[in-house]
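Chains as they are written, first to last, in numbering that gives the first Met the number 0: chain A, 0 to 545; chain B, 0 to 320.
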Amino acid sequence: MEGQTETGRQATAAPSPEPAIELRGISKAFGPVQANKNISIRVMPGTIHGIIGENGAGKSTLMSILYGFYKADAGEIFISGRKTEIPDSLAAIRAGIGMVFQHFKLVQNFTVLENIILGAEDGALLKPSISKARKELRALANEYGLNVDPDAVVEELGVGMQQRVEILKALYRQAQILILDEPTGVLTPAEADQLFRILDRLRAEGKTIILITHKLREIMEITDTVSVMRRGEMTATVKTAETDPEHLAELMVGRKVLLQVEKAPARPGAQVLEIEGLSVTDDEGVERLKDISLSVRAGEVLGIAGVAGNGQSELLEVLGGMRAGRGKVRMNGQEIDLAIKYSDGKGRRARGIGHVPEDRQREGLIMDFTAWENMVFGYHDDAEYQSNRFLMDNAGIARIAQDKMDRFDVRPPNPRLLAKNFSGGNQQKIVVAREIERGPDLLLVGQPTRGVDIGAIEFIHKQIIGLRDAGKAVLLVSVELDEIMSLSDRIAVMFDGQIMGEGPADSANQIGLGCLMAGMGGADTQAMDGWRISEAAAPETPAQEG
Amino acid sequence: MDFMTLLQVLESTIRLATPLLLACLAGLYSERAGIFDIGLEGKMLVAAFFSAAVAYQTGSVWLGLLAGIASSMALAAIHGLASITFRGNQLISGVAINFLAAGMTVLVAQDWFQQGGRTPSLIGGARFEPITLPFTEALADVPVLGPIYGGLISSHTILVYVAFAAVPLTWWILYRTRFGLRLRAVGENPESVDTAGVSVVGLRYAAVAIAGLLCGIAGAYLATALQAGFVKDMTAGRGFIALAALIFAKWRPWYALWATLLFGLLQAISIRFQNIPVGDFVIPVQFMEALPYILTIIILAGFVGKAIPPRAGGEPYVKER
């Protein structure tokens, strides 16, 4: 990997006369919101150029303009030195630009081949196009290591594979410039590594790649140059080799950011949540949780690490009253009824359980409702929100919402805006404010910072630690290992619906946790003091994957 | 039930299934492209009226057919304008088209012909005549095969054959051509079509236009082949039964054929067996006439299984933000 990267960089060191892409003075406004302000950028051929910025900084808008999805209000685009008008996606494709969107643009019930030829068919009949694409696909697979079953139906593929289909779509259209928008957001670490190897290969073949991300590590790992965007403006463009993550983070948010969470030692108190032999079988009859036992004390954060899809979501859903389970769960010593037929979030809240769900847009908020309404959902029957027996105290709720938005730094601080009009980070702040402000004895937190910008991450982390320090229990589920390690007092690792190991965060190391997340035991996990490793963790050889 | 009765019922099934099949395929094109179309009924109705009116005036059924198609496509264009260009609610647009058609046809009919909202009866060249296929006479004396060929397969009007030929043609278009691939894609995920550099609007208008064409043929068939002239509300809910058949068929052409034949059979039975005595009690004719509609509800409620409509169906396409 290292060696490849080196050759890739050397190959690009030769001075090239024309930049592959040059944007001059691009501006774009959505109503009163200036998404892009006078942006200029030059990307040399055969390089990987990173664009980093917080959520809502205007990265995706800029790239959508380059791909002809939006039309810029002002500015010029030059492709390989030639001024190019890109009024629609067809023009972008003709100019050799391919784009892999954050949310894939695939037809779910089409095969891979059908998706690839869509819009790039050779004639009115499909047969010749399909056989040509099949041949081409085999060649691309060999050239870039992009293996996908051409006859697989897309909805049956994992997200990593679907992303490959998107990349293949672009390459099939002879794209010389490839734009990837937050490509690793949906990938497991292994899949992300694979993607980076593919990008490396593409760069070595002379393709130009623009990588949009808000993950600093990815920028440092793979890009040659990086541009930083903040609030619709391009604040800097630097060579990656000549910068460091702290500097970029500062450019991004405009102030020094602590990447490490500061926290006092935990003072754990009484047991708040006790889980004994919890199992869950899903609608398809698959056992998603297998006999899990855990406990969380007051004043501590228990972090659940694991690759997505190993039962963490089901655990949160059972505890949050959104799914039925078998086994025993006690909250403050009192048993909770797990055999529910319908969601019982209200019953759980009455027991003192707050829940910041994994999918804030589907489970945490109603996107078409205003911020002030969203601020009270789930608690809207509480006495303090009623003016009398029949009417809600909307004015009072709006005042309370305004106050919470100010204190949680939700931007813009306008309670009358619809939830969908806030950026991801600010949406999450609304959910966190609602759940934390009610002072739950136990807070369930799922992926608190997924798709959230650095400034908001720091803020949300502080809130979680603050709740812990106030003597409350926190159960944190995250696929970001860094987040688990920096926030948790104790860590449990889930794999295939089981707890692979559990122990204090202080003695955990990244490699050991990584092994457990892959279902392995081994020497690194033995080195973690105070950890109980499950017998299910295979000693050396990896358990079967996926 | 003897052989000849069975044959008559089946023959009647084919004739009654034809307008359902055409309307069902019309809905299939439209909905596969993501445009819900509950205005099938209205489009058929205007086509029935204008085809009968023009056929009566000119004496040419072919001109009538063209007029029917033109009027149906005009309504389709209105639906397209409302739901594609102006991104309105597709159901409301469809309802409006049905009301417009129901009212307008009777009004214009009364104004033109003064016969209580109907057209005069069509005779001669103003109607589609049955076609006698070759070998009908040669086979006429062969037992079983002769009556089946002569009664069931031969001696239908041209539009019946057009409708049945439209099934394999639709299948071929959907699954073997570029247009079909794009049409299916735009009903599932219009963004994928848009980012692939293909016009979502263009595809959807094309689909709606095809729906207009097929509804036009269906309506013309009702007034100039199945019956001899236009009568008020003569579509009698066929557009809605076609929609039911479309769901029953899971938006697939061959299934659409079987589904509409089933509904056609139900109608044929209700016409053939009107008063059925059961002991002292006689099942009233009204019940038999309601039977196809009752069975429609039962089939839709119980026998469809999991029918997944095109995923982008009913949603106007708006780029993000």
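Every residue, glycine too, gets a C-beta built ideally from N, C-alpha and C.
{"Asked": "Measure from the alpha carbon of arginine 350 of chain A to the alpha carbon of each residue in A:Thr234, A:Pro439, A:Arg133, then state which is nearest.", "Found": "A:Pro439"}
{"Asked": "What are the boundary residues of the alpha helix (DSSP H) that phenylalanine 109 of chain A is part of?", "Found": "Phenylalanine 109 of chain A -> no alpha helix (DSSP H), and no H or E assigned at all."}
{"Asked": "Which residues bound the alpha helix (DSSP H) around glycine 529 of chain A?", "Found": "Run containing glycine 529 of chain A: none; DSSP gives neither H nor E here."}
{"Asked": "Using DSSP with H/G/I as helix, E/B as strand and the rest coil, what is serine 88 of chain A?", "Found": "helix"}
{"Asked": "According to DSSP, simplified to helix, strand and coil, what is leucine 136 of chain A?", "Found": "helix"}
{"Asked": "Determine whether the Cβ of valine 317 of chain A lies closer than 9 Å to any Cβ atom of chain B.", "Found": "no"}
{"Asked": "Could you tell me which uninterrupted beta strand (DSSP E) segments, each at least 3 residues in length, are contained entirely in the region 178-244 of chain A, listed from first to last along the chain?", "Found": "207-212, 224-229, 232-238"}
{"Asked": "Using a Cβ-Cβ cut-off of less than 8 Å, list which residues of the region 106-120 of chain A approach chain B; keep chain order.", "Found": "Val106, Gln107, Asn108, Phe109, Glu113, Asn114, Ile116, Leu117, Gly118, Ala119, Glu120"}
{"Asked": "Please state if the CB of isoleucine 307 of chain B and the CB of phenylalanine 247 of chain B are separated by a distance shorter than 9 Å.", "Found": "no"}
{"Asked": "What is the rounded straight-line gap between the Cα of leucine 139 of chain A and the Cα of threonine 234 of chain B?", "Found": "55 Å"}
{"Asked": "Taking all protein chains shown into account, decide if valine 285 of chain A is buried (16 or more other Cβ within 10 angstroms of its Cβ) or exposed.", "Found": "exposed"}
{"Asked": "Pair every Cβ in the region 128-147 of chain B with every Cβ in the region 63-79 of chain B, then say whether three or more of these pairs are closer than 8 Å.", "Found": "no"}
{"Asked": "Relative to the C-alpha of aspartate 180 of chain A, which candidate in A:Gly95, A:Arg196, A:His102 has its C-alpha closest?", "Found": "A:His102"}
{"Asked": "Give me the residue from B:Leu260, B:Tyr174, B:Asn97 with the minimum Cα distance to cysteine 214 of chain B.", "Found": "B:Asn97"}
{"Asked": "Could you tell me which chain A residues have their CB closer than 7 Å to the CB of aspartate 193 of chain B, listed as they occur along the chain?", "Found": "Ser88"}
{"Asked": "Does the contact criterion of 3 or more C-beta pairs under 8 Å hold for the region 354-374 of chain A versus the region 323-343 of chain A?", "Found": "no"}
{"Asked": "Which chain A residues sit within Cβ distance under 8 Å of asparagine 188 of chain B?", "Found": "Lys104, Leu105, Val106, Gln107"}
{"Asked": "Sort B:Phe2, B:Leu21, B:Tyr316, B:Ile13 by Cα distance to leucine 168 of chain B and report the nearest one.", "Found": "B:Leu21"}
{"Asked": "Shorter than 9 Å from the beta carbon of threonine 176 of chain B to some beta carbon of chain A?", "Found": "yes"}
{"Asked": "Could you tell me which chain B residues have their CB closer than 8 Å to the CB of glycine 122 of chain A, listed as they occur along the chain?", "Found": "Arg177"}
{"Asked": "Hey, does glutamate 314 of chain B have any beta-carbon neighbour from chain A nearer than 9 Å?", "Found": "no"}
{"Asked": "Compare the C-beta of alanine 81 of chain B against all C-beta atoms of chain A and say whether one is closer than 9 Å.", "Found": "no"}
{"Asked": "Any idea what DSSP makes of leucine 156 of chain A, helix, strand or coil?", "Found": "coil"}
{"Asked": "Classify threonine 223 of chain B: buried if its beta carbon has 16 or more other beta carbons within 10 angstroms, exposed otherwise.", "Found": "buried"}
{"Asked": "Taking DSSP as the reference, what is the three-state secondary structure of serine 312 of chain A?", "Found": "helix"}
{"Asked": "According to DSSP, simplified to helix, strand and coil, what is aspartate 405 of chain A?", "Found": "helix"}
{"Asked": "Can you name the start and end residues of the alpha helix (DSSP H) that lysine 58 of chain A belongs to?", "Found": "58-65"}
{"Asked": "Only counting the same chain, and skipping five residues up and downstream in sequence, which positions put a Cβ closer than 6 Å to that of valine 444 of chain A?", "Found": "Val355, Leu475"}
{"Asked": "Select from A:Arg437, A:Phe100, A:Ile456 the residue whose C-alpha is nearest the C-alpha of threonine 183 of chain A.", "Found": "A:Phe100"}
{"Asked": "Excluding sequence positions up to five away, which residues of its chain have a Cβ less than 7 Å from the Cβ of serine 342 of chain A?", "Found": "Gly320, Met321"}
{"Asked": "What separation, rounded to the nearest whole angstrom, lies between the Cα atoms of isoleucine 609 of chain A and serine 226 of chain A?", "Found": "Lying outside 0 to 545, the shown extent of chain A, residue 609 of chain A is not represented and no answer is given."}
{"Asked": "If contacts are defined as beta-carbon pairs under 8 Å, then glutamate 30 of chain B and proline 309 of chain B qualify, I think. What distance do you get, rounded to the angstrom?", "Found": "6 Å"}
{"Asked": "Using the Cα positions of alanine 91 of chain A and methionine 233 of chain A, report the straight-line distance between them to the nearest angstrom.", "Found": "22 Å"}
{"Asked": "In whole angstroms, what is the alpha-carbon distance linking alanine 289 of chain B and threonine 295 of chain B?", "Found": "10 Å"}
{"Asked": "As an exercise, report each continuous beta strand (DSSP E) stretch of at least 3 residues that is fully enclosed by the region 310-375 of chain A, in chain order.", "Found": "325-330, 352-355"}
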